[in-house]
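Peer 1: Heads up, the sequence shown is in this note's numbering, so the first residue is 1 and it goes up one at a time. For every residue, glycine included, the Cβ atom is placed at its ideal position computed from N, Cα and C.
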Amino acid sequence: MTRKKSLFYEAATLILVAHGDATNKFQDITRNVIKRSAPKVLMVQRSSQSSFMPSAGVFPGGRTDKVDFSPEWKDIYTQKVSWQSILDSLPKSCDPRPPIYTRVIKDVILPSDIGFRICAIRETFEESGLLLLRNNPDGAFIDNPAAQYASCITLTLSELQKWRKIIRQDASQFLRLCRELEAVPDIWSLHDWSNWFTPAGYSKRFDTAFFLCCLKNTKDLINDSDSEVRKSFWSKPSEVLRYHVNKELFLYPPQIHELSRLLNFETVQELLSFSHHRPRNHSTLQYLTVPIKCKNGTITVLSGDSLYPMDKRPIRENILVPEDEIWYGELINREEDTIEQLNASSTHLHRYVFPNFMEPFSKLKESSVSIVPYANTRLLDGHKPLQLSWL
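(1) Do the segment 382-391 and the segment 253-270 make contact, defined as three or more Cβ pairs closer than 8 Å?
(2) Looking only at its own chain, which residues have a Cβ that is under 6 Å from the Cβ of D192, when we skip the five neighbours before and after it?
(3) Taking just the CA atoms, how far does F206 sit from S273?
(4) Between the C-alpha atoms of L407 and V58, what's the straight-line distance to the nearest angstrom?
(5) Can you give the Cα-Cα distance for K216 and E258, rounded to whole angstroms?
(6) Return the CA-CA distance between R334 and P98, expressed in angstroms with no decimal places.
(7) Measure the C-alpha to C-alpha separation of E10 and T208 and round it to an integer number of angstroms.
(8) Does DSSP put P373 in a helix, in a strand, or in coil?
(9) In whole angstroms, what is the alpha-carbon distance linking L288 and F210?
(10) Buried or exposed: where does E239 fall if 16 or more other Cβ atoms within 10 Å of its Cβ makes it buried?
(11) Kindly provide the ranges of any alpha helix (DSSP H) runs that are 4 or more residues long and lie completely inside the segment 183-264, ordered along the chain.
(12) Could you give the distance in angstroms between the alpha-carbon of Y77 and the alpha-carbon of I166?
(13) My assumption, with CB atoms under 8 Å, is that S438 sits in contact with S203. Please give the rounded CB distance.
(14) With H, G and I counted as helix, E and B as strand and the rest as coil, what does DSSP make of N281?
(15) Can you look up K293 in the DSSP assignment and give me helix, strand or coil?
(16) Within a Cβ cutoff of 6 Å, which residues of the same chain sit near L380, ignoring the five residues on either side of it in sequence?
(17) Give me, in chain order, the residues of the same chain whose beta-carbon lies closer than 8 Å to that of S189; leave out the 5 immediate sequence neighbours on both sides.
(18) Going by beta-carbon coordinates alone, are Y352 and I332 separated by less than 9 Å?
(19) Short check: CB of N296 to CB of E359, under 9 Å?
(20) Tell me which residues share the same chain as D68 and place their Cβ nearer than 6 Å to its Cβ, disregarding the 5 neighbours each side in the sequence.
(21) Can you pull the DSSP bridge partners for P355?
(22) From L160, K236, D95, E180, pick the residue whose C-alpha is nearest to that of H19; which is it?
(23) Taking 6 Å as the limit between beta carbons, can you name the residues of its chain near I142, skipping five residues before and five after?
(24) Indicate the three-state DSSP secondary structure (helix, strand or coil) for E266 in the structure shown.
(25) Is there a Cβ from chain C that is less than 9 Å from the Cβ of Y9?
(26) G201: which of L157, I100, V290, I109 sits nearest, CA to CA?
(27) Does the Cβ of K162 have 16 or more other Cβ atoms within 10 Å, making it buried, or fewer, making it exposed?
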C-alpha cells in the first residue's frame, strides 16, 4: 500500500528537560552547573524573519529532511550490533499509534520511530548547539531496558560553529558528522510524548511528532544570528509561561499545553520515569485542534471537548479513502454564539479561547491577543492534567 501525497509537512519537535541552573532569557551562553533544582526546559525564540511562528517561543525542532530517513543510518547504527537488535531496543509504544508513525512510505526502509527521532536531534543541534549523540552502542547498552538520560557530545566552539553552518546548508552532512565522530543520534533517550497537527487557518500546516528527553544537567547553548532562531535558553516551565502572560514571549497553544503539563513534575527523575512508562501503557494521541468562530472571538477545541466534532473522520493518510471523506479540521461557524455562552453550555472543556480574535491564525502573533486555556477533562493517553495556576 502506498502513501497518498501529503497535503502537509511532517516535522519533529524535542521537549528537552534538564536538572540545574542555566541561562535566563537575557543571556547568550550558559554555565554548566550540576544542581538538582526544579526541572528546566530548553526553549528557542524564533527570528522575526522565520517563515513559521515568527518571534514565538517554541521547543527546538523542524521539518523532516530525506536524510533523516536515509538507509545509510542503518550502516552507522550496526557497527557493533545487528539491525534487529537496534529495532528491538527502541523505546516502547503501545497501539494504536498516530498516523504519523503508521503511514506507509514507498521506498523508505528506515522506520518512522527512528527517522523522526533523528530529525528532532538534528534540528536541536542546528538551533541550540546541543549534540545528542552517543558512541556506537554495543550489546550491553542495547540490552538495558531502563529509562535513559540523554548522551551529549561536546565539540570545541570552532568545530561546533563549523558543523552547525554546514548542516544548516545541507542536512545530509549530519550523517558525515556522525561518521567522523563514530557516534549515533541518541534515539533511545527520546520518548513518544504527543502529536500536534497545525489547525486550519495557517498558511503552513505541520503534522509534528513531539518527543520528550531528559539530560542530567543543563548544557551550554550557542546562539548566533545565522539561523531562523533568535536565541535559545533554559528556563523553568513556570517562568516561560510567565513570560507569555507578561507578553515578553509569545507562545502558541502547543507550547502552552506542554509547558502546563510539565508543571506536574518536581524533579527530572520523576519526569524521566513517567515519559518512559506512559507510552508503554497508553496510546499517544494526535491533537488536531478545530477552530470555532464565535460572535466575539475564536475557540479552538481538542479531542475530549464537548464541542469537538467526534462524528468527523480524523486525518488518516495511511489508507486510501475518497478525498471528500477526509477531514482536515476545517473551521466551524458558530457566530450566533458568544465565547461565554459556549463555555457555559459545555460540560467537558479541552479548549483555547482567543477573545476578540476573528482573523486567520496566520495573523495571531501580530494581534497580541490573550490566549486562555480551559481544561477539565482527562484523555486516554495517560498524560497528567494541565496545571493552570499560572493564569
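Peer 2: So, to answer that:
(1) yes
(2) Residue numbering aside, residue 192 sits at position 192 when the sequence shown is read from its first letter. Excluding sequence neighbours, D192 sits near S93, P279, T284.
(3) The sequence position of residue 273 within the sequence shown is 273, counting from 1. The sequence position of residue 206 within the sequence shown is 206, counting from 1. Their backbone Cα atoms lie some 29 Å apart in a straight line.
(4) This structure gives no information on residue 407, because the portion of the chain shown stretches from 1 to 391.
(5) The residue given as residue 216 occupies position 216 in the sequence shown. The residue given as residue 258 occupies position 258 in the sequence shown. Roughly 20 Å between the two C-alpha positions.
(6) The residue given as residue 334 occupies position 334 in the sequence shown. The residue given as residue 98 occupies position 98 in the sequence shown. About 29 Å.
(7) Within the sequence shown, residue 10 is the residue found at index 10, counting from 1. Within the sequence shown, residue 208 is the residue found at index 208, counting from 1. Cα to Cα, the separation comes out at about 6 Å.
(8) As a working mapping, residue 373 is identified with position 373 in the sequence shown. P373 falls in the strand class under three-state DSSP.
(9) As a first step, residue 288 is located in the sequence shown; it is residue number 288 there, counting from the start. As a first step, residue 210 is located in the sequence shown; it is residue number 210 there, counting from the start. Spanning the two alpha carbons is a distance of roughly 13 Å.
(10) Here residue 239 is taken as the residue at index 239 of the sequence shown, counted from 1. The residue in question, E239, is buried, as its Cβ has 16 or more Cβ neighbours within 10 Å.
(11) 237-245, 253-262
(12) What you label residue 77 is simply residue 77 of the sequence shown in a count that begins at 1. What you label residue 166 is simply residue 166 of the sequence shown in a count that begins at 1. Each residue's alpha carbon lies about 22 Å from the other.
(13) Because the chain is modelled from 1 through 391, residue 438 falls outside the range shown and cannot be assessed.
(14) Translated into positions along the sequence shown, residue 281 becomes position 281. Here N281 sits in helix by DSSP.
(15) If you number the sequence shown from 1, residue 293 lands on position 293. Strand at K293.
(16) As a working note, residue 380 is residue 380 in the sequence shown. Excluding sequence neighbours, L380 sits near nothing in its chain.
(17) As a position in the sequence shown, residue 189 is number 189, starting the count at 1. Counting only Cβ-Cβ distances below 8 Å, and skipping sequence neighbours, we find L132, Q148, Y149, A150, S151, C213, C214.
(18) Along the sequence shown, read from residue 1 onward, the residue named residue 352 stands at position 352. Along the sequence shown, read from residue 1 onward, the residue named residue 332 stands at position 332. No, they are not a contact pair.
(19) Within the sequence shown, numbered from 1, the residue matching residue 296 stands at position 296. Within the sequence shown, numbered from 1, the residue matching residue 359 stands at position 359. No, the Cβ-Cβ distance between N296 and E359 is not below 9 Å.
(20) The residue labelled residue 68 in the question sits at position 68 within the sequence shown. Excluding residues within five positions, the ones whose Cβ falls inside 6 Å are G115, I118, C119.
(21) Position 355 of the sequence shown, counted from the first residue, corresponds to residue 355. According to DSSP, which records beta bridges pairwise, P355 is partnered with G297.
(22) By one-based count along the sequence shown, residue 19 stands at place 19. Comparing Cα-Cα distances from H19 to each of L160, K236, D95, E180, the minimum goes to K236.
(23) Here residue 142 corresponds to residue number 142 of the sequence shown, with the count starting at 1. V81, S85, S89.
(24) Numbered from 1 along the sequence shown, position 266 holds the residue referred to as residue 266. If DSSP states are grouped into helix, strand and coil, E266 belongs with coil.
(25) Of the protein chains in the structure, only one exists, and it is not chain C.
(26) Taking the first residue of the sequence shown as 1, we reach residue 201 at position 201. Among L157, I100, V290, I109, the Cα nearest to that of G201 belongs to V290.
(27) The residue given as residue 162 occupies position 162 in the sequence shown. Under this definition K162 is an exposed residue.
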